[in-house]
Amino acid sequence: MVPWWDTSHRCCPLLVDHFPTAAACSWWDTSHRCSLLRAERSFQCTTLSDRAPTVTAGRMQSHGDGPAGWTRVGPALWIICASCLCFTANAQFRIPPETVQQWANSLGGDLYSIMTKYSGSLLLQKKFKDVEPIIKIKEVNGSDLVRTFAEEMERMLGRKMKSVKRLAQATEDADFYHTYNETLEFDYYNSVMVNTMDEDGEYAELGSEFVLEENEHFNKLPVNTSLSDIQVPTNVYNKDPEILNGVYMSEALNTVFISNFKKDATLTWQYFGSSTGFFRLFPGIKWTPDANGVITFDCRNRNWYIQAATSPKDIVIVVDISGSMKGLRLTIAKHTINTILDTLGENDFVNIIAYSDYVHYVEPCFEGALVQADLDNREHFKVLVDELHAKGQGKVNKAIKESFRILNEATSTGKGSLCNQAIMLITDGAFENFEKVFEDYNWPERRVRVFTYLIGREVTFADTVKWIACNNKGYYTHISTLADVQENVMEYLHVLSRPMVINHDHDIIWTEAYMDSVLFNTQAQSLLLMTTVAMPVFSKKNETRSRGILLGVVGSDVPLRELMKLAPRYKLGVHGYAFLNTNNGYILSHPDLRPLYKEGKKLKPKPNYNSVDLSEVEWEDTDETLRTAMVKGETGTMSLDVRASVDKGRRVIFLKNDYFYTTINETPFSLGMVLTRGHGEYIFMGNVSVEEGLDDLKQPDVTLADEWTYCETDIDPQHRKFTQLRAVIRYLSGLEPELECDEELLQEVLFDAVVTAPMEAYWTALLLGEDGMEDGVETAFLGTRAGLMRITRYTGVEKRVAKKFLTAADKDNVFTMDHFPLWYRRAAEHPPGSFLYYIPNPESRDVFRDYEYDYSASPRPEDLEQEYEDDRRAVVATTAVTVTVGDKMAIAAGRTPEGLSLSPRCPARDRV
Numbered sequence: 015m016v017p018w019w020d021t022s023h024r025c026c027p028l029l030v031d032h033f034p035t036a037a038a039c040s041w042w043d044t045s046h047r048c049s050l051l052r053a054e055r056s057f058q059c060t061t062l063s064d065r066a067p068t069v070t071a072g073r074m075q076s077h078g079d080g081p082a083g084w085t086r087v088g089p090a091l092w093i094i095c096a097s098c099l100c101f102t103a104n105a106q107f108r109i110p111p112e113t114v115q116q117w118a119n120s121l122g123g124d125l126y127s128i129m130t131k132y133s134g135s136l137l138l139q140k141k142f143k144d145v146e147p148i149i150k151i152k153e154v155n156g157s158d159l160v161r162t163f164a165e166e167m168e169r170m171l172g173r174k175m176k177s178v179k180r181l182a183q184a185t186e187d188a189d190f191y192h193t194y195n196e197t198l199e200f201d202y203y204n205s206v207m208v209n210t211m212d213e214d215g216e217y218a219e220l221g222s223e224f225v226l227e228e229n230e231h232f233n234k235l236p237v238n239t240s241l242s243d244i245q246v247p248t249n250v251y252n253k254d255p256e257i258l259n260g261v262y263m264s265e266a267l268n269t270v271f272i273s274n275f276k277k278d279a280t281l282t283w284q285y286f287g288s289s290t291g292f293f294r295l296f297p298g299i300k301w302t303p304d305a306n307g308v309i310t311f312d313c314r315n316r317n318w319y320i321q322a323a324t325s326p327k328d329i330v331i332v333v334d335i336s337g338s339m340k341g342l343r344l345t346i347a348k349h350t351i352n353t354i355l356d357t358l359g360e361n362d363f364v365n366i367i368a369y370s371d372y373v374h375y376v377e378p379c380f381e382g383a384l385v386q387a388d389l390d391n392r393e394h395f396k397v398l399v400d401e402l403h404a405k406g407q408g409k410v411n412k413a414i415k416e417s418f419r420i421l422n423e424a425t426s427t428g429k430g431s432l433c434n435q436a437i438m439l440i441t442d443g444a445f446e447n448f449e450k451v452f453e454d455y456n457w458p459e460r461r462v463r464v465f466t467y468l469i470g471r472e473v474t475f476a477d478t479v480k481w482i483a484c485n486n487k488g489y490y491t492h493i494s495t496l497a498d499v500q501e502n503v504m505e506y507l508h509v510l511s512r513p514m515v516i517n518h519d520h521d522i523i524w525t526e527a528y529m530d531s532v533l534f535n536t537q538a539q540s541l542l543l544m545t546t547v548a549m550p551v552f553s554k555k556n557e558t559r560s561r562g563i564l565l566g567v568v569g570s571d572v573p574l575r576e577l578m579k580l581a582p583r584y585k586l587g588v589h590g591y592a593f594l595n596t597n598n599g600y601i602l603s604h605p606d607l608r609p610l611y612k613e614g615k616k617l618k619p620k621p622n623y624n625s626v627d628l629s630e631v632e633w634e635d636t637d638e639t640l641r642t643a644m645v646k647g648e649t650g651t652m653s654l655d656v657r658a659s660v661d662k663g664r665r666v667i668f669l670k671n672d673y674f675y676t677t678i679n680e681t682p683f684s685l686g687m688v689l690t691r692g693h694g695e696y697i698f699m700g701n702v703s704v705e706e707g708l709d710d711l712k713q714p715d716v717t718l719a720d721e722w723t724y725c726e727t728d729i730d731p732q733h734r735k736f737t738q739l740r741a742v743i744r745y746l747s748g749l750e751p752e753l754e755c756d757e758e759l760l761q762e763v764l765f766d767a768v769v770t771a772p773m774e775a776y777w778t779a780l781l782l783g784e785d786g787m788e789d790g791v792e793t794a795f796l797g798t799r800a801g802l803m804r805i806t807r808y809t810g811v812e813k814r815v816a817k818k819f820l821t822a823a824d825k826d827n828v829f830t831m832d833h834f835p836l837w838y839r840r841a842a843e844h845p846p847g848s849f850l851y852y853i854p855n856p857e858s859r860d861v862f863r864d865y866e867y868d869y870s871a872s873p874r875p876e877d878l879e880q881e882y883e884d885d886r887r888a889v890v891a892t893t894a895v896t897v898t899v900g901d902k903m904a905i906a907a908g909r910t911p912e913g914l915s916l917s918p919r920c921p922a923r924d925r926v
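Using this note's numbering, read the sequence shown as starting at 15 and increasing by one per residue.
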């Protein structure tokens, strides 16, 4: 970037235009260099901005002072340049402060004149003033509104639960009538092999032709909405009799998948994860291995499967680190521990004890207690386990006693899951007498199950280790290689699920927020934040009922983006927002949740992105009053004074926020909502006919917030390619009467279109006027609370400095699901009628946030650049237009003429 002066102390080149000779400036020599050697006096200057590029210009009058020949933009350029000139403490020339103040006043007056002229703000304010008699301003009842949102979400999530229940019933019925056939031969659609040809041009085994078409509803992924297909883990033989019988039996689910999708067009992925390992997914896809050609996905490891298959549990993992465990045995033991940890979730509690000559906790801070098995704690345990070393002699009795003590303490104090309890013993042998320990701590109730994992090829102590498990309602398994770990660890889940199976407890579970980068390899789908509703499926056959056979888990994904659409942005005001959290206090959805980071040209989930606590984003709630109430599923309200950041944290605004919260019935989720005191408390309603507003809505300068839901375009496949503006126009024109639209929002859009219609003619007249345009003003635009924008470009794209301003890549400055535009939010906190100026800063631009809620397409590399070389000299000026009825005032629109382009000969330091 070119500095305003170089190391030879050349003055700002712009000054040469206004002081062309040395005589005009005694401190400037004929070579245009500052006379630093003769410096004796300090240089004084009243500046409008220094490092923080924000200027507020009120209704100041122009005095016409300053060097002759300046244009109306000229003073601005000179003052801004002069404010950054560097002189020594004692310069020869002294400019009187009064003179500089006059220049500043002149600049303020000229800026205000330019902005009012090219924005048309006075005209728009007059138009809203004219219609005030027909406007109604009503106060928003936050308690009623949050309950309304919660009820809408409850109905939506209820439809998903009904779909999953139908899948569970169909699976159990199909299994009941299926007769197992050891010699069954059956060709199915293997998702990895479909559409694969061999060297002879024939379809490979299990790879028949499978029709795939891009589908808007599934983020443009090629899918088959008529059939499901099957994925089998790498370590499972895809033609094993267990697999073939399960796949054949579950073919009955295809008709239920399709039926569910017809009943609820907002459904996304539906699936059945079998206890034998295969995964049936609808709609069918072509499964692509990762960059290493490996498919690591196993449905039985997924959190939704584990949570549905078992109840919450307290687990103590006891690992032998005596000298005999050195080498491969310790490696297998560590892998076994990590695999067990991967089967735990937020509703589970865990601790790990290692023993040799003595007993010690792998994390001393957790001594004597169980900790929640959230992602942070699980990852922490994995790091500590990796540091274990084998030495000494194994004395397991003390470790077993300590494990029982922990579990008993959790039960008596109510600090664990208060459900299943188990000890996982990982050892290469045990030769002590355990009977006395179990008599004292576990018999006769056998309340704690003990699972044993014998490590290594030696089976000398197999009988003893097996006895421990069998006499404590557990399960014994022998793990001799790393390849054995996965399958053998999963067996304990089937044992823990037996009480549920025998009692046929079809408990529905909901997962925390997550992204599935393992299942989906496209960025648009893999970065989609979602939750899963799942339900266990049991065998109902009489001969297996008493044994408690878990067939698997059925489930469906719910994109959180779709859920949050039920809390429409326009009802929450400029700074208002809605958020969701779980009964564990973790965020499900929140405007300040930033789960992505950039690695090269790709966006990836941050570590622990789905275990962000509500207290970490609503940090003003220092007493955790809000968090505690929402975790408990209470309904209520509270107020907080908050400091909210805007412009990517570069500026802070002080707000008084009212919080409203309630539970969403039949789910573990709570909904919170924020309304800002002042303009956030009121909403105004205008009334115009469709005939009055439709023509104005069709004007070419009009756009609508495409992330908002004016009309539901995702129900009918024919509507999925409609923009929101096109859908609204077709609905109001009677061409698409079957569209489901938000009538209240459409009424506001029509009203705003009518009131703002004169602006298009006003801006066009300026553009085509005989007087011509002022240099540097590029764009005029407005935005209303209903998400309507009008944009007029005063210059062509080839001459425009801010080429990306107000484009799809510029998320900060358009209406999104997450926020109002930056210029709208800043104007809302500024006195109406006066302009606020700011300079977009690319260095603070959070490009990852831009795409956090925009998964309609994969971000393009050019959209992810953190610096825009073409808009460094753009200045945005913004003001608010209001309506007043009685003693109530509401913001009607944000008005902005953008693009006070500074001279290329004097580039600002901060990407102006």
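Heads up, the beta-carbon is just placed ideally off N, CA and C, and yes, glycines get one too.
When DSSP states are grouped into helix, strand and coil, GLY337 belongs to the helix group. In the structure shown, MET787 falls within a coil segment according to DSSP collapsed to helix, strand and coil.
Residue pairing of GLU726 in beta bridges, as defined by DSSP: GLU754. Judged by DSSP in its simplified three-state form, MET529 adopts coil rather than helix or strand. According to the DSSP assignment, ASN229 belongs to the beta strand (DSSP E) that extends over 227-229. In this structure, DSSP gives GLN407 a state outside helix and strand, which the three-state scheme calls coil. When C-alpha distances from PRO605 are compared across ASP356, LYS618, LEU617, HIS589, the shortest belongs to HIS589. With a minimum length of 3 residues, the unbroken runs of beta strand (DSSP E) contained wholly in the segment 141-193 fall at 150-153. ASP362 and TRP318 have their C-alpha atoms spaced approximately 13 Å apart. Between the beta-carbon of VAL660 and that of GLU634 there is about 16 Å, and that puts the pair past the 8 Å contact cut. Spatial neighbours of PRO609 in its own chain (CB-CB distance under 6 Å, excluding positions within 5 residues in sequence) are listed in chain order as PRO619, LYS620, TYR623. Rounded to whole angstroms, the Cβ separation of VAL154 and MET687 is 10 Å, and the two are not in contact under 8 Å. Closest by C-alpha distance to GLN732, out of SER133, TYR203, ASN229, VAL763, is ASN229.
Beyond the five residues adjoining it in sequence on each side, ALA719 comes within less than 6 Å, by CB distance, of GLY801, PHE829 in the same chain, given in chain order.
Closest in C-alpha terms to PHE271, from the list ALA779, MET263, LEU281, comes LEU281. PHE142 is the residue among ALA164, PHE142, ASN365, SER240 whose C-alpha sits nearest the C-alpha of THR798. At the C-beta level, LEU402 and LEU344 come within 8 Å of one another. For MET578, there is no enclosing beta strand (DSSP E); the enclosing alpha helix (DSSP H) covers residues 574-578. ILE482: member of the alpha helix (DSSP H) spanning 476-484, first to last residue. If you ignore the 5 residues before and after CYS313, its C-beta comes within less than 6 Å of the C-beta of GLY287, PHE293, TYR319, all in its own chain and listed in chain order.
DSSP places ASN259 within a helical segment (H, G or I) once states are collapsed to three.
Listed as beta-bridge partners of ILE109 by DSSP are no residues whatsoever. Rounded to the nearest angstrom, the gap between the Cα atoms of GLU754 and VAL666 is 39 Å. Of the candidates TRP457, SER494, ASP477, VAL464, the residue whose Cα lies closest to the Cα of ARG471 is SER494. Using a C-beta cut-off of 8 Å, the segment 459-467 makes no contact with the segment 387-407, since fewer than three inter-stretch Cβ pairs fall below that distance. Assigned with DSSP and collapsed to three states, TYR776 falls in helix. In the same chain as ILE335, and ignoring 5 residues on each side of it, the C-beta atoms closer than 6 Å to its own belong to ALA368, SER370, LEU402, ALA404, in chain order.
Linking THR778 to GLY790 through their CA atoms gives a straight-line distance of about 17 Å. When ASN233, GLU265, ASN447 are compared, the shortest CA-CA separation from LEU181 is found for GLU265.
Under the three-state reduction of DSSP output, TRP457 falls in the coil class, being neither helix nor strand.
According to the DSSP assignment, GLU613 belongs to the beta strand (DSSP E) that extends over 610-613. If you compare the alpha carbons of THR466, ILE244, SER625, LEU685 with that of THR651, the shortest gap goes to LEU685. Straight across, the Cα-Cα distance linking VAL237 with PHE296 is about 9 Å. The three-state reading of DSSP puts ARG392 in helix, counting H, G and I together. A distance below 8 Å separates the beta carbons of ALA483 and VAL464. Relative to the Cα of THR353, the nearest Cα in the group ILE523, GLU453, VAL250, LEU496 belongs to LEU496.
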